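Some notes on the structure that comes next.
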Ligand SMILES: Cc1ncc(COP(=O)(O)O)c(C=O)c1O
């Protein structure tokens with residue numbers, strides 16, 4: 007699936023909850039719990055993206071023209087957000103990742119988690135995903 | 005829980021107090037604000053906001069410099085503020101009360117001053133394991149430069165200070181004891197009397213970080229008798245950017261200057277300066293005049309309620325919150341002593357404090373999460389951070405009740 011298609015899928019998933027933030031967060035937490043774990047060997051300092059409070063680890067591979075991301079976080083809400091980003095951006099071509107605008111986050115009402123003052127490492131995670139995609143763009 | 009039960013203020017009294025704080029009209033995430041982040045900074049009553057406003061409307065001028073009427077008026081307000089602060093802490097000579105930008109600057113002036121002339125290579129400074137970074141880093145900086153040694157009083161398994169271990173730390177080379185009066189993370193009240201007794205035997209200079217005691221309890225400085233005491237107005241219902249550095253009279257002349265400039269002098273030539281006497285010696289540049297005015301208004305405000313009443317009310321909130329938290333098997337409370345002021349720290353087992361704080365915020369409850377500028381303490385507790393609820397005079401048992409109810413919901417969400 008294309009990035010935009012996956013985004014649409016997520017948006018309709020979250021539309022079910024309407025304005026009920028509790029259900030929305032319950033779903034986010036469930037997504038976090040079901041995120042396939044990063045291999046322990048990749049949970050290294052090099053792969054650590056430091057937020058002030060919660061920490062995120064991210065590892066990427068490049069296979070058959072596509073980026074493959076695995077990630078983890080020590081906070082479950084952050085991990086839910088990480089799961090969404092991995093779902094949207096993993097198994098995509100570098101050029102699509104670099105150009106992705108990720109507007110779905112705003113549309114499902116979770117934009118507050120991308121605020122730079124949030125100190126959860128997500129903004130840095132997106133930057134890192136794009137940077138790593140950029141490295142494979144010319145290849 | 006009924007209103008006014010135990011030692012808390014009764015419903016009407018609290019409502020009158022809450023009406024003094026305009027911010028409580030604000031709605032957060034669709035709910036009225038439950039503000040439990042008072043350890044970071046407290047909200048400001050109208051009396052303080054208006055005093056600052058009046059100053060700029062009516063009396064603004066630079067101080068100690070002009071002969072004109074406004075300048076005299078501003079000078080008088082500034083010096084009256086100093087008298088108010090001094091009287092509040094029972095200090096007879098207001099000159100012993102120096103205005104700083106806050107606790108952190110106060111500690112820097114003390115650490116910097118002492119390190120310049122009084123401390124020598126090999127001298128020891130004793131801190132506690134629960135110090136705020138602001139009472140570690142200034143000492144560490146000068147320790148590295150001057151070859152001083154930092155020693156740390158350990159905690160017992162209940163996180164209270166190990167006074168017996170403290171006794172064994174003091175030696176003939178110990179020159180400074182710098183301790184928090186109340187731990188900002190755990191809320192525990194330090195047994196200063198016991199520590200000062202040892203300090204006295206070794207002739208040690210005592211420095212008290214009063215950032216978390218001054219908002220919550222009566223502090224009588226001559227009775228406590230430290231060499232130095234520092235605090236921040238913004239944690240005492242006053243404005244940001246102003247604080248107190250109290251020193252024993254002898255230090256007014258003996259503490260080496262760490263910061264200097266205009267306003268601190270009697271005469272200046274390029275070769276030599278004769279410094280002013282008293283507090284002004286430590287207040288170079290144009291001070292935070294409106295801040296001092298607001299600080300005094302905040303102190304008047306606290307005294308209109310009464311410090312003992314504030315202590316009783318907040319202690320009851322802490323005691324009640326702790327009792328309710330301990331009923332929850334999923335919760336771990338740090339520093340469980342009853343001897344606490346205004347602060348309670350906990351974690352939901354297996355959950356990151358960030359998650360707990362994020363969800364509580366969705367319910368309109370503001371708590372602090374993270375290391376609270378006490379990373380060494382976090383390492384000791386073996387946690388990334390904690391959730392901290394800290395109370396002020398406008399908080400109620402009903403708010404604590406609401407918080408516990410929502411925390412239970414959060415526990416189900418995250419587990
Ligand atoms: C115990 C303690 N010391 C020092 C500070 C620093 O105070 P300020 O930031 O006002 O200088 C704080 C404030 O968080 C504190 O709680």
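Chains as they are written, first to last, in my numbering: chain A, 7 to 145; chain B, 5 to 419.
Cβ coordinates follow ideal geometry from the N, Cα and C atoms, glycine included.
The structure displayed is predicted, hence computed values, not measured ones.
How would you write the range of the alpha helix (DSSP H) that residue i sits in, first residue to last?
i	result
residue 304/B	293-309
residue 247/B	It is not in any alpha helix (DSSP H) - residue 247/B instead sits in the beta strand (DSSP E) that spans 247-251.
residue 55/A	Residue 55/A -> not in any alpha helix (DSSP H); beta strand (DSSP E) instead, spanning 54-56.
residue 359/B	357-366
residue 87/A	82-95
residue 82/B	73-92
residue 236/B	That residue, residue 236/B, is in no alpha helix (DSSP H); its beta strand (DSSP E) goes 232-236.
residue 413/B	401-418
residue 198/B	196-205
residue 225/B	225-228
Under 8 Å from any heavy atom of ligand 1, does the C-beta of residue i make it?
i	result
residue 198/B	no
residue 422/B	Because chain B spans 5 through 419 in this model, residue 422/B falls outside it and cannot be assessed.
residue 215/B	yes
residue 1/B	Residue 1/B lies beyond the stretch modelled for chain B, which goes from 5 to 419, so this question has no answer here.
residue 318/B	no
residue 238/B	yes
residue 136/B	yes
residue 218/B	no
residue 43/B	yes
residue 184/B	yes
residue 187/B	yes
residue 132/B	no
residue 389/B	no
residue 361/B	no
Is there a Cβ from chain B that is less than 9 Å from the Cβ of residue i?
i	result
residue 131/A	no
residue 63/A	no
residue 84/A	yes
residue 31/A	yes
residue 60/A	yes
residue 24/A	no
residue 102/A	no
residue 70/A	no
Pop quiz: residue i and residue j are said to be a contact at Cβ under 8 Å. What is the actual Cβ separation, rounded to whole angstroms?
i	j	result
residue 43/B	residue 392/B	6 Å
residue 130/A	residue 55/A	5 Å
residue 234/B	residue 84/B	In fact, because the Cβ distance is near 21 Å, the residues do not count as touching under 8 Å.
residue 102/B	residue 249/B	4 Å
residue 397/B	residue 303/B	That belief does not hold up - the Cβ atoms of residue 397/B and residue 303/B are roughly 13 Å apart, past 8 Å.
residue 286/B	residue 246/B	With 8 Å as the limit, residue 286/B and residue 246/B do not qualify as a contact, their Cβ atoms being about 14 Å apart.
residue 265/B	residue 289/B	5 Å
Would you mind reading off the limits of the beta strand (DSSP E) that contains residue i?
i	result
residue 169/B	Taken as a continuous stretch (DSSP letters only), residue 169/B belongs to no beta strand (DSSP E), being part of the alpha helix (DSSP H) at 167-173.
residue 350/B	347-352
residue 74/A	72-79
residue 67/A	61-69
residue 189/B	Counting along the chain, residue 189/B falls outside any beta strand (DSSP E), and DSSP gives it neither H nor E.
residue 392/B	390-394
residue 181/B	178-184
residue 213/B	209-213
residue 103/B	101-104
If you measure from the beta carbon of residue i to each beta carbon in chain A, is any gap under 9 Å?
i	result
residue 179/B	no
residue 381/B	no
residue 33/B	yes
residue 362/B	yes
residue 359/B	yes
residue 412/B	no
residue 418/B	yes
residue 389/B	yes
Label residue i either buried or exposed according to how many other C-beta atoms from any shown protein chain fall within 10 Å of its C-beta, with 16 as the threshold for buried.
i	result
residue 14/B	exposed
residue 15/A	exposed
residue 177/B	exposed
residue 174/B	buried
residue 358/B	buried
residue 403/B	buried
residue 354/B	exposed
residue 27/B	exposed
residue 207/B	exposed
residue 160/B	exposed
residue 343/B	exposed
residue 7/A	exposed
residue 158/B	exposed
residue 51/A	exposed
residue 118/A	exposed
residue 273/B	exposed
residue 71/B	exposed
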